[in-house]
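Peer 1: At position 16 of the sequence shown the residue is numbered 430 (our numbering), and the sequence of numbers has no breaks. From the three backbone atoms N, C-alpha and C, an ideal C-beta is built for every residue, glycine too. Below you will find the structure I want to go over with you.
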Amino acid sequence: MAQIDNDSIPPLPYPFENGQDGSLYLSDYDNYEVVYDAVNDRYLVVSKIGDFQVSYPIVMTQEEYVRYRMQKEMHDYYKGKVNALKGQRNNRGEEQKDLLPKYYVKSNLFESIFGGNAIELDMQGNIEVRMGLLYQKVDNPQLNETNRATTIFDFDQNIGASITAKVGERLKVAANYDTQSTFDFQNIVKLEFDPNAKFDDDGIIKKIEVGNVSMPMRNSLIKGAQNLFGFRTELQFGRTTISTALAKQQSQSKSVIAQGGSIIEEFELKASDYEANKHFFLSQYFKDNFDESLVNLPLVSSNVQITNIEVWVTNTKNETENVRNIVALADLGESIQSNLGNPSIGGLTPLPDFIPYNDANAISDIMVAGGPVRNISTVPNAFTGFGTMSQGRDYSVLENARRLIENVDFFINRQLGYISLTRSLNDSEVLAVAYEYTINGSSTVYKVGELSSDGIIAPDNLVVKLLRSELVITDIPMWDLMMKNIYNLNAFQLQQEGFRLELLYANDDTGVPLNTLQNAETPGVAEKTLLNMFYLDRLDYNQNLLDGGDGYFDFVTGITVFPDKGMIMFPKVEPFGEYIDNILTAPNDDVYIFNELYEYTQTEVKNTYQNKDKYEIKGYFKSDGSQGIALGAFNIPPGSVTVSSGGRVLVEGVDYVVNYQIGRVKIINPSLESSNAPIEVSLEQNAIFSQQRRSFFGIDVEHKFSDHLVAGVSYLRLSEQPFTNKVYYGQEPIQNNIFGFNAGYNNSAPFLTKLANSITFGQTDAESNFSVKGDVAYLLPGTPKAIDINGSAASYIDDFEGSQMPIDLKNQQQWYLASTP
């Protein structure tokens, strides 16, 4: 072994030279410092690690240093671009953000306009392109061989881009675009020109914005708009500032009220706003006994219990499972002559209490095995001997009728004998049932109609009870099977706490809805509230019977209210008709009776009998607000939410926070949460499905008389353009104008500090301020001239010239024999 001196450095196992580089070597720690030697007029380039110099300095003349700097900057520039490309492949965003360099424009005119000569462009996003080849071959003998095979290109692209540009110091452009955006308002474009950004603080033009703009107002009584698409300017003439906006409005105003951590939502309905085509009695027996069964609320006095039921409807979905051919009879199971739609049907054999069953009348004679009623083509032959039997009036025939699923497609009240569908039936849809029930105290099972489990094998027809035919006929008993005493409040998960409902009547003398029939002449009626008169206020809060009621709506789950569905039900079949007609005995009280509500269709009542539709259902309910106040909107324009309580405008971030994406306000001020004071939230929600065109113009002028006194005037105009000059009632476009004036004074008030010190016998140097502000606004409503007729705005109750009823000849279920062959 070789002997090595102790003071010598042993040779390295892998010797390398200074400055050598490569992929196997670590990068040098480059920390160069340039020092100018003024005595010798030389530049010294020193290499350091920390504060230690690790090599001899490099000495350069001025010319050599200039060449060195130029070469180094060129090398660093190209190296940065190459690293950016590598960073793009490695998905390292920090190395690719400077991939697009600044652009410089050498022009004095350009610089004078934009306050600089640089153009910066920042682009982020992605482009996805999908290409494919779609080959399809259909062995259809009706096509020639050339057309049986097709080959087409399948091409699709998705673009998501965010662009931010800056021209000089004054012009900024921002744009977001995504081809997969669900709504147009999610794509944002905004161009902002700010002359004051550089060297122009005294200019008249303060700001110009084009694209997605907003128009806030200084007047607290006039709410501006946040989601506009158009043009906005800010001008200044001395002490006067003028803001104007001309744009298309893309949002709608909305307000939500909350109290005690819950959201307060109001509702208002007319008597004619009952939920039509969803709730049906199973027979005339249940309709006739409905009122009597609910006399002793909250108990249900019914001795019937429905044990089995099948519900059939028109198969509009063309389903193939749970389908059967059916023949639905309107008079099946009816044993009272007045309840028969066809008087020619005889053979009435009523049971006690006239309960329904198949053999209640002679129409059940057709329900024989192998009879003509079992074949879809020979059904009319089965009605020989029953007089004139009309399809759509006395019976309906359905091929491939669809059976509904309980608790999915419908719900049933097994004691009161009615069903509630989860959707309203459309025109020409048929509804029929077959069911079994028992009477309390008896084991006998009574049946109406035939069940699919009765052994009648398809394709033989089932005979069932008809509740609704394909024709709407109001002068037959079947029309009364549709319930007209259930109203939908458009709410879910109602709670008794915080639920208020009032039943009012619009008095012609006062013009104000009252909760009594104040001018009724029938003894004792004028002193009763309408809630008490209509059996909606007979109990106290604990549902104990209370003479005269407690003044509040009786919240009886499953009878007067359905919390999970947001519905209320009157415990009378015809509350505003037959029921009140029996109470009011004075001849002059007939004005309060609304029998037409139950004798005609809902549309006809609303159009023809508006003068009698004076009963109103008003109130409010609270919904859970533990997760914050739900605004009922999403993707809310930032800054468009205003929250106030007790007349005081709250501060975002201090009193509340807003999640603009999901539309929820969370109160974070503990004093507000515990105060139980009403909190009002005003917002603008993006118009998602509305096709209404709205034009917005606003001007806000403020004059600063001094540092303490400010006054301003405001003007807003919102116009809606109708699609045609024929608009329907309730859909009239608006053309509203709002004028406003506001003034404010704010100044220090040392005398208030002195007054406070004299009253409290203390000493404080805190400055006192005196501030006063006032706002005035006036609304001038109007309508566009396009809908004027003879100088006045007009709306159409119905446009008979434009009404059409499409008939699909390809639907075989709509074809029937015109006569017996």
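1. So what does DSSP say about Q1075, is it helix, strand or coil?
2. Starting from the N-terminal side, write out each stretch of the beta strand (DSSP E) that is 3 residues or longer and does not extend beyond the stretch 889-938.
3. Can you tell which of S1109, R1062, T1167 and I1031 has the C-alpha that lies nearest to the C-alpha of E1181?
4. Which residues bound the beta strand (DSSP E) around T564?
5. In terms of DSSP beta bridges, what is E679 paired with?
6. Cα separation between L1097 and I677?
7. Given 8 Å as the limit, is there contact between the stretch 575-586 and the stretch 601-609, that is, 3 or more CB pairs closer than that?
8. P977 and L908 look like a contact to me (Cβ under 8 Å); what is the Cβ gap, rounded to whole Å?
9. Taking contact to mean 3 or more Cβ pairs, one atom from each stretch, closer than 8 Å, check whether the stretch 989-1003 and the stretch 931-946 are in contact.
10. Helix, strand or coil, according to DSSP, for R646 in the structure here?
11. Determine the DSSP secondary structure at D880, reduced to helix, strand or coil.
12. Counting pairs of beta carbons, one from the stretch 743-757 and one from the stretch 804-816, are three or more of them closer than 8 Å?
13. Quick one: what does DSSP say E941 is sitting in, helix, strand or coil?
14. With the cut-off set at 8 Å, would you say S1128 and G1154 are in Cβ contact?
15. Counting only runs of 3+ residues fully inside the stretch 790-839, write out the beta strand (DSSP E) ranges in chain order.
16. What residue range is occupied by the uninterrupted alpha helix (DSSP H) comprising A1170?
17. Compare the beta carbon distance of I619 and P609 with 8 Å and say whether it is the shorter of the two.
18. Where do the ends of the beta strand (DSSP E) carrying L1123 lie?
19. Would you grab the beta carbon distance between N1160 and H1122 for me? Rounded to a whole angstrom, and I think it's under 8 Å.
20. When you compare only the Cα positions, how much space is there between Y492 and E525?
21. So, for V1072: in the same chain, excluding its five sequence neighbours on each side, which residues have a beta-carbon less than 6 Å away from its beta-carbon?
22. If we count the other Cβ atoms within 10 Å of its Cβ and call it buried at 16 or more, is F1165 buried or exposed?
23. By Cβ distance, which residues of its chain are closer than 6 Å to V725, with the 5 residues on each side in sequence left out?
24. Buried or exposed, going by whether 16 or more other CB atoms sit within 10 Å of the CB of H489?
25. Compare the C-alpha of N1183 against each of A1163, A1125 and T1017 and name the closest.
26. Just to confirm, is the Cβ distance from A394 to D1027 under 8 Å?
27. Inspect the beta-carbon positions of L876 and N722 and report whether they are closer than 8 Å.
28. Roughly how many angstroms lie between the CA atoms of F967 and E1146, to the nearest whole one?
29. Taking DSSP's pairing of strands, which residues face A685 in a bridge?
30. Should K662 go down as buried or exposed, given a rule of 16 or more other Cβ atoms within 10 Å for buried?
31. Whose C-alpha, out of E941, S749, Y851 and S838, is nearest the C-alpha of P764?
32. Taking the alpha helix (DSSP H) that Q1016 falls in, what are its first and last residues?
33. Note down, in chain order, each residue of its chain lying with its Cβ closer than 8 Å to the Cβ of M781, except the 5 sequence neighbours on either side.
34. Mind checking who N540 pairs with in its DSSP beta bridge?
35. Specify the secondary structure class of F948 as computed by DSSP and reduced to three states.
36. Got a sec? Which residues, its chain only, sit under 7 Å from P873 by beta carbon, not counting five neighbours each side?
Peer 2: Inspection of the coordinates gives the following:
1. For the purposes of this step, residue 1075 is taken as the residue at position 661 of the sequence shown. Residue state, collapsed to three classes: coil.
2. List check, beta strand (DSSP E) in window: 900-902 and 914-920.
3. For this step, residue 1181 is matched to residue 767 along the sequence shown. Cα-wise, what sits closest to E1181 is T1167.
4. Here residue 564 refers to the residue found at position 150 of the sequence shown. Start and end: A563 to V581.
5. Looking up residue 679 in the sequence shown gives position 265. Looking at the DSSP assignment, E679 forms a beta bridge with F1035.
6. Here the question's residue 1097 lines up with position 683 in the sequence shown. Here the question's residue 677 lines up with position 263 in the sequence shown. For L1097 and I677, the distance between alpha carbons rounds to 15 Å.
7. yes
8. As a first step, residue 977 must be located in the sequence shown, where it is residue number 563. As a first step, residue 908 must be located in the sequence shown, where it is residue number 494. Yes, they are in contact, since the Cβ atoms of P977 and L908 sit about 4 Å apart, within 8 Å.
9. yes
10. Working through the sequence shown from its first residue, we reach residue 646 at position 232. Looking at R646 - three-state DSSP - the assignment turns out to be strand.
11. In the sequence shown, counting from the first residue as 1, residue 880 sits at position 466. Correcting the residue identity first, residue 880 is Leu in this sequence and not Asp. The answer is strand: DSSP assigns L880 an E or B state.
12. With the cut-off at 8 Å, the stretch 743-757 and the stretch 804-816 touch.
13. Counting from 1 along the sequence shown, the entry for residue 941 is found at position 527. Coil at E941, not helix or strand.
14. One-based indexing of the sequence shown puts residue 1128 at position 714. One-based indexing of the sequence shown puts residue 1154 at position 740. In contact: S1128 and G1154 (Cβ atoms closer than 8 Å).
15. If we require 3 residues or more, the beta strand (DSSP E) runs fully inside the stretch 790-839 come out as 809-817, 824-827 and 832-835.
16. In the sequence shown, residue 1170 corresponds to position 756, counting from 1. First-last of the alpha helix (DSSP H) with A1170: P1164 to T1174.
17. Sequence index remark: in the sequence shown, residue 619 carries index 205 (1-based). Sequence index remark: in the sequence shown, residue 609 carries index 195 (1-based). The answer is yes: Cβ separation under 8 Å.
18. The residue labelled residue 1123 in the question sits at position 709 within the sequence shown. Residues L1123 to Q1135.
19. Position 746 of the sequence shown, counted from the first residue, corresponds to residue 1160. Position 708 of the sequence shown, counted from the first residue, corresponds to residue 1122. By a beta-carbon distance limit of 8 Å, N1160 contacts H1122. Their separation comes to about 6 Å.
20. Here residue 492 refers to the residue found at position 78 when the sequence shown is read from its first residue. Here residue 525 refers to the residue found at position 111 when the sequence shown is read from its first residue. One C-alpha to the other measures close to 28 Å.
21. Taking the sequence shown and counting its residues from 1, the one referred to as residue 1072 is at position 658. Short of 6 Å from the beta carbon of V1072, and not among the five residues preceding or following it, lie these beta carbons of its own chain, in chain order: V1055 and V1079.
22. Start at 1 with the first residue of the sequence shown, and residue 1165 comes out as number 751. F1165 is exposed by the Cβ-count criterion.
23. Taking the sequence shown and counting its residues from 1, one reaches residue 725 at position 311. Correct list, in chain order: L818, F824 and V847.
24. Counting from one through the sequence shown, the residue named residue 489 turns up at place 75. Burial call: exposed.
25. Taking the sequence shown and counting its residues from 1, the one referred to as residue 1183 is at position 769. Selected option, being the one with the closest Cα: A1163.
26. Because the chain is modelled from 415 through 1235, residue 394 falls outside the range shown and cannot be assessed.
27. In the sequence shown, counting from the first residue as 1, residue 876 sits at position 462. In the sequence shown, counting from the first residue as 1, residue 722 sits at position 308. The answer is no: Cβ separation not under 8 Å.
28. Taking the first residue of the sequence shown as position 1, residue 967 is located at position 553. Taking the first residue of the sequence shown as position 1, residue 1146 is located at position 732. Rounded to whole angstroms, F967 to E1146 spans 35 Å at the Cα level.
29. Numbered from its first residue, the sequence shown carries residue 685 at position 271. According to DSSP, which records beta bridges pairwise, A685 is partnered with nothing at all.
30. Position 248 of the sequence shown, counting from 1, holds the residue named residue 662. Answer is exposed; the Cβ neighbour count stays below 16.
31. Numbered from 1 along the sequence shown, position 350 holds the residue referred to as residue 764. Among E941, S749, Y851 and S838, the Cα nearest to that of P764 is on S749.
32. In the sequence shown, residue 1016 corresponds to position 602, counting from 1. Its alpha helix (DSSP H) spans residues Q1016 to T1022.
33. As a working mapping, residue 781 is identified with position 367 in the sequence shown. Excluding sequence positions up to five before and after M781, its CB lies within less than 8 Å of the CB of N772, V787, E864 and V877, all in the same chain and listed in chain order.
34. Along the sequence shown, one-based indexing puts residue 540 at 126. As computed with DSSP, N540 is found in a beta bridge with G574.
35. Counting from 1 along the sequence shown, the entry for residue 948 is found at position 534. Of the three classes helix, strand and coil, the one that applies to F948 here is coil, per DSSP.
36. Here residue 873 corresponds to residue number 459 of the sequence shown, with the count starting at 1. Here the set comprises N739.
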